[in-house]
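Just so you know, the sequences run in chain order Y and W.
Each residue of the first sequence is one higher than the one before, starting from 1 at the first, in full-length UniProt numbering.
Each residue of the second sequence is one higher than the one before, starting from 1 at the first, in full-length UniProt numbering.
Virtual Cβ for every residue (Gly too), placed ideally from N, Cα, C.
Notes follow the structure.
2 protein chains.
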Amino acid sequence: MNPASSSPAKDGTAASGTPAAGAGSSPTFSPLYQQIKALITQSLQSGEWKPGELMPSEVELAARFKVSQGTVRKAIDELAAENLVVRRQGKGTFVATHHEERAHYRFLRLMPDEGVPHHPDNRFIEVKRIRAAAEVARLLDLKTGDAVVYIKRLQSFDGAPTILEELWLPGQLFKGLTAERLVEYKGPMYGLFESEFGTRMIRATEKIRAVAADAGAAEYMGVPEGTPLLCAERVSFTYGDKAVELRRGLYLTAHHHYLSELS
Amino acid sequence: MNPASSSPAKDGTAASGTPAAGAGSSPTFSPLYQQIKALITQSLQSGEWKPGELMPSEVELAARFKVSQGTVRKAIDELAAENLVVRRQGKGTFVATHHEERAHYRFLRLMPDEGVPHHPDNRFIEVKRIRAAAEVARLLDLKTGDAVVYIKRLQSFDGAPTILEELWLPGQLFKGLTAERLVEYKGPMYGLFESEFGTRMIRATEKIRAVAADAGAAEYMGVPEGTPLLCAERVSFTYGDKAVELRRGLYLTAHHHYLSELS
DNA sequence: TAGTGGTCTAGACCACTAT
DNA sequence: TAGTGGTCTAGACCACTAA
Numbered sequence: 001m002n003p004a005s006s007s008p009a010k011d012g013t014a015a016s017g018t019p020a021a022g023a024g025s026s027p028t029f030s031p032l033y034q035q036i037k038a039l040i041t042q043s044l045q046s047g048e049w050k051p052g053e054l055m056p057s058e059v060e061l062a063a064r065f066k067v068s069q070g071t072v073r074k075a076i077d078e079l080a081a082e083n084l085v086v087r088r089q090g091k092g093t094f095v096a097t098h099h100e101e102r103a104h105y106r107f108l109r110l111m112p113d114e115g116v117p118h119h120p121d122n123r124f125i126e127v128k129r130i131r132a133a134a135e136v137a138r139l140l141d142l143k144t145g146d147a148v149v150y151i152k153r154l155q156s157f158d159g160a161p162t163i164l165e166e167l168w169l170p171g172q173l174f175k176g177l178t179a180e181r182l183v184e185y186k187g188p189m190y191g192l193f194e195s196e197f198g199t200r201m202i203r204a205t206e207k208i209r210a211v212a213a214d215a216g217a218a219e220y221m222g223v224p225e226g227t228p229l230l231c232a233e234r235v236s237f238t239y240g241d242k243a244v245e246l247r248r249g250l251y252l253t254a255h256h257h258y259l260s261e262l263s
Numbered sequence: 001m002n003p004a005s006s007s008p009a010k011d012g013t014a015a016s017g018t019p020a021a022g023a024g025s026s027p028t029f030s031p032l033y034q035q036i037k038a039l040i041t042q043s044l045q046s047g048e049w050k051p052g053e054l055m056p057s058e059v060e061l062a063a064r065f066k067v068s069q070g071t072v073r074k075a076i077d078e079l080a081a082e083n084l085v086v087r088r089q090g091k092g093t094f095v096a097t098h099h100e101e102r103a104h105y106r107f108l109r110l111m112p113d114e115g116v117p118h119h120p121d122n123r124f125i126e127v128k129r130i131r132a133a134a135e136v137a138r139l140l141d142l143k144t145g146d147a148v149v150y151i152k153r154l155q156s157f158d159g160a161p162t163i164l165e166e167l168w169l170p171g172q173l174f175k176g177l178t179a180e181r182l183v184e185y186k187g188p189m190y191g192l193f194e195s196e197f198g199t200r201m202i203r204a205t206e207k208i209r210a211v212a213a214d215a216g217a218a219e220y221m222g223v224p225e226g227t228p229l230l231c232a233e234r235v236s237f238t239y240g241d242k243a244v245e246l247r248r249g250l251y252l253t254a255h256h257h258y259l260s261e262l263s
């Protein structure tokens, strides 16, 4: 069956195994709800519905794609499980956004040993455009020498320097990003990236190590050289598993810890 | 509606809000499929179906609980998402077990920087029964002074000491656990715990810090005192979110890293 | 009151596995 | 061929939200 371009079978015949030719997608063979999920994801990616906005109702989407509401529901179920959309009973389904208290801590795993997390003081040490070194290019799926935005910042909690991190972003996607924009902007960086540059982070992987503070880090953090620090190297992805951020954070874990849930 | 003890409404009336009185459970108000999920979980916990075994089919369970197959399916969907059961098309649904290649690395986040993970050499340094200190008792939900099994072991990869860890287990649950049993047993410890002591770990949380190797750790790991090590403090839970293991691991991250997926 | 997501049912067919 | 989980449909009613 071909959602959005022909009628479904009338006898309840399942559609798995038939290609999706709608919306210009290349033929794929997968369950109908997966095809619908892909079509919805395309609309999210293309900005048909913007972060924070209300999406069409399940009934509307079912009519649009010419499938049953149950099929749309299963597609949206998976998108909700992946945090791409948020369902609200009685209201509708909304495109997920980083502009929510709830979302602020999704990518921040460093927690205070006691008390609740709170926003840190933020000091930008350096913001500049450079050419990608081989390693950076490899992780961001760029070519060596491509333009990247480099950011270095120090975050403090209750006046105590705790997070020293460096970021590399594809220059192509973040053309107008300057130190001023970063300083002006209140709220999480991912909110800025989403609103001002149309790039939403939806997933990330981190490799974590214990390292000794070098002279530079030690000075910024206010600790002796050689102090053990937690080093987290993050690669963040947007729609389509496209890498769009490299981040290397050094965490002082004297009064904080990195929380990992294993399940 | 009361699954397993009365007939469902015949007109498709939803059952949410009515108590589950079956199987002696205290009255709860939740969707039918959540009640069914709770009943199935009870059967898993009580050992009606053992790890690795085939569970009754969805049709059978639907008949047993007097609900539709779709309702049982939704309950099992969630159990599968939580890794309590494993679905295999054409075969049936199986109780999850630690005796699977697939499950070995679910709780092992330390990965080699290059290559694929492989089983480490295992050296048990100490196995003894002690009384729980206040901190251990608190985390394991015991009383200070309660009996606990204490295990200290060193794991090496390719001859290089990499993981030095200590475990504390409730003495009540692990009565026959001795150094001999641990050394004899081939395979992951969680397999031993599951098969020999009837305790399955289903979830865990880890707090991670960077610490400096003390004299003892340095000697075991073959590194200078003060070397930065990753410290992971794990609390593992079995059915009903009951804490049943405390583990404190020191990881040498020279050629390994801790992998964390953020989503 | 109307519209939304959430639950539940019943029945059909598909894909896979084992006999 | 029979049995299992996987997909899809259609329709009903519930719980929640907002006008």
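Expressed to the nearest angstrom, what Euclidean distance is found between the alpha-carbon atoms of residue i and residue j?
{"i": "Y/S26", "j": "W/S263", "result": "Because the pLDDT at Y/S26 is just 34, under 50, the model does not fix this residue reliably, and the value given afterwards should be weighed accordingly. Going by the C-alpha atoms only, they are around 27 angstroms apart."}
{"i": "W/K50", "j": "W/P188", "result": "18 angstroms"}
{"i": "Y/G191", "j": "W/G92", "result": "45 angstroms"}
{"i": "W/A103", "j": "Y/R131", "result": "42 angstroms"}
{"i": "W/F237", "j": "Y/T97", "result": "32 angstroms"}
{"i": "Y/E233", "j": "W/V235", "result": "25 angstroms"}
{"i": "W/M55", "j": "Y/V223", "result": "56 angstroms"}
{"i": "Y/I76", "j": "Y/S57", "result": "11 angstroms"}
{"i": "W/D121", "j": "W/D158", "result": "8 angstroms"}
{"i": "Y/E261", "j": "W/A204", "result": "6 angstroms"}
{"i": "Y/R153", "j": "Y/E78", "result": "35 angstroms"}
{"i": "W/K37", "j": "W/L140", "result": "26 angstroms"}
{"i": "W/A62", "j": "W/E53", "result": "19 angstroms"}
Determine the extent of the beta strand (DSSP E) in which residue i is found, giving its start and end residues.
{"i": "Y/F124", "result": "121-131"}
{"i": "W/G249", "result": "242-251"}
{"i": "W/T238", "result": "228-238"}
{"i": "Y/V211", "result": "203-212"}
{"i": "W/M111", "result": "110-112"}
{"i": "W/E261", "result": "256-262"}
Against chain Y, does residue i count as a neighbour if the rule is that its beta carbon must be under 8 angstroms from one of theirs?
{"i": "W/L262", "result": "yes"}
{"i": "W/R87", "result": "no"}
{"i": "residue 296 of chain W", "result": "Limits of chain W in this structure are 1 at one end and 263 at the other, which puts residue 296 of chain W out of reach."}
{"i": "W/S26", "result": "With a pLDDT of 33 at W/S26, under the threshold of 50, the modelled position of this residue cannot be trusted; read the value that follows with caution. By this cut-off, W/S26 is not an interface position."}
When the cut-off is 8 angstroms and only beta carbons count, does residue i lie next to chain W?
{"i": "Y/E206", "result": "yes"}
{"i": "Y/T178", "result": "no"}
{"i": "Y/G191", "result": "no"}
{"i": "Y/P228", "result": "yes"}
{"i": "Y/V223", "result": "no"}
{"i": "Y/L212", "result": "The question names Leu, but residue 212 of chain Y in the sequence shown is Ala. Chain W, which has a Cβ nearer than 8 angstroms to the Cβ of Y/A212, makes this yes."}
{"i": "Y/F107", "result": "yes"}
Count the other CB atoms within 10 Å of the CB of residue i; is the residue buried (16 or more) or exposed (fewer)?
{"i": "Y/L88", "result": "Before going on, a small fix: residue 88 of chain Y reads as Arg here, not Leu. Looking at its Cβ environment, which holds fewer than 16 other Cβ atoms inside 10 Å, Y/R88 is exposed."}
{"i": "Y/A134", "result": "exposed"}
{"i": "W/A215", "result": "exposed"}
{"i": "Y/V116", "result": "exposed"}
{"i": "W/L44", "result": "buried"}
{"i": "W/G90", "result": "exposed"}
{"i": "Y/V183", "result": "exposed"}
{"i": "Y/Q35", "result": "buried"}
{"i": "Y/H118", "result": "exposed"}
{"i": "W/G249", "result": "buried"}
{"i": "W/A81", "result": "exposed"}
{"i": "Y/I208", "result": "buried"}
For the alpha helix (DSSP H) containing residue i, list its first residue and its last residue.
{"i": "W/E37", "result": "This sequence places Lys at residue 37 of chain W; Glu is not what is there. Unbroken alpha helix (DSSP H) run through W/K37: 32-46."}
{"i": "Y/A218", "result": "215-221"}
{"i": "W/K91", "result": "No alpha helix (DSSP H) contains W/K91, which DSSP labels as neither H nor E."}
{"i": "W/H104", "result": "101-104"}
{"i": "Y/V149", "result": "Counting along the chain, Y/V149 falls outside any alpha helix (DSSP H), though it belongs to the beta strand (DSSP E) covering 147-157."}
{"i": "W/A63", "result": "58-65"}
{"i": "Y/I163", "result": "That residue, Y/I163, is in no alpha helix (DSSP H); its beta strand (DSSP E) goes 160-170."}
{"i": "W/S68", "result": "Here W/S68 belongs to no alpha helix (DSSP H), and DSSP marks it neither H nor E."}
{"i": "W/Y190", "result": "189-197"}
{"i": "W/L182", "result": "179-184"}
{"i": "Y/V136", "result": "134-140"}
Should residue i be counted as a contact of the ligand HEM given a C-beta to heavy atom distance under 7 angstroms?
{"i": "W/T93", "result": "In terms of ligand content, the structure shown is empty, and the ligand HEM therefore cannot be addressed."}
Q) For the region 232-260 of chain W, which residues have a CB atom closer than 7 angstroms to at least one CB atom of chain Y, in sequence order? A) Taking 7 angstroms as the Cβ-Cβ cut-off against chain Y, the residues of the region 232-260 of chain W that qualify are T253, H257, Y258, L259, S260.
Q: With 9 angstroms as the C-beta to C-beta threshold (strictly closer), list the residues of the region 109-132 of chain Y near chain W in chain order.
A: Per Cβ criterion, the list reads R109, M111, D113.
Q: For the region 71-82 of chain Y, enumerate the residues whose C-beta is nearer than 9 angstroms to any C-beta of chain W, in chain order.
A: From the region 71-82 of chain Y, only A81, E82 have a Cβ closer than 9 angstroms to chain W.
Q: Could you name the residues of the region 192-203 of chain Y whose beta carbon sits closer than 7 angstroms to any beta carbon of chain W, in the order they occur along the chain?
A: Result list: R203.
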